[in-house]
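Numbering (the numbering used here), first residue to last: 5 to 167.
Structure record follows, encoded as structure tokens.
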């Protein structure tokens with residue numbers, strides 16, 4: 005064995021080798037993660053709020069359009085009532101020979117507790133394709149956390165959405 009190897013071997017065994025991370029390194033990683041989370045939180049909240057609002061708008065749009073198709077297929081009028089008090093919509097039908105509308109299923113909540121409608125609106129969808137508002141108007145808004153979308157229903161059932 006050469007003297008250089010023995011010196012290296014001797015000096016290596018004399019030193020104790022420490023493994024792992026120091027407390028300072030761990031603290032720096034935690035601080036860095038906290039800073040990243042503080043930056044990302046507002047961005048993700050805004051995105052989540054937008055998707056909750058879009059979900060409610062999509063649900064309302066789908067309710068109107070699918071109920072219109074149902075009225076055309078069945079041959080009698082249907083109604084969709086958007087209730088501003090409890091943020092739900094209820095579908096009702098008036099089968100041939102009936103004198104009043106009866107609910108079809110249960111009231112469906114618009115997605116999220118903080119979703120708000122600006123008015124109670126009842127949209128009547130007739131078997132000839134004509135759409136009218138029997139309560140409220142054919143233009144109403146859905147809001148969530150300061151974001152608002154306006155739904156406008158034409159007399160022939162087309163639904164347009166604008167911010």
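Virtual Cβ for every residue (Gly too), placed ideally from N, Cα, C.
Fair warning: this is a prediction, and the values are worked out from it, not measured in the lab.
Taking the beta strand (DSSP E) that residue i falls in, what are its first and last residues?
| i | result |
| --- | --- |
| residue 153 | 151-157 |
| residue 119 | That residue, residue 119, is in no beta strand (DSSP E); it is neither H nor E in DSSP. |
| residue 136 | 135-139 |
| residue 87 | 82-87 |
| residue 143 | 143-148 |
| residue 103 | Where residue 103 is concerned, there is no enclosing beta strand (DSSP E), given that its DSSP letter is neither H nor E. |
| residue 96 | 92-97 |
Taking buried to mean at least 16 other C-beta atoms within 10 Å of its own C-beta, is residue i buried or exposed?
| i | result |
| --- | --- |
| residue 47 | exposed |
| residue 64 | buried |
| residue 148 | buried |
Can you list, in chain order, the residues of its chain with a C-beta nearer than 6 Å to that of residue i? Leave out the 5 residues immediately preceding and following it.
| i | result |
| --- | --- |
| residue 93 | 67, 84, 86, 112 |
| residue 23 | none |
| residue 129 | 71, 72, 75, 82, 135 |
Comparing C-alpha positions only, which one of the options sits nearest to residue i?
| i | options | result |
| --- | --- | --- |
| residue 71 | 108, 124, 149, 155 | 108 |
| residue 60 | 37, 100, 118 | 118 |
| residue 122 | 100, 89, 104 | 89 |
Compare the beta carbon distance of residue i and residue j with 8 Å and say whether it is the shorter of the two.
| i | j | result |
| --- | --- | --- |
| residue 82 | residue 102 | no |
In terms of residues, what are the limits of the alpha helix (DSSP H) holding residue i?
| i | result |
| --- | --- |
| residue 64 | 27-78 |
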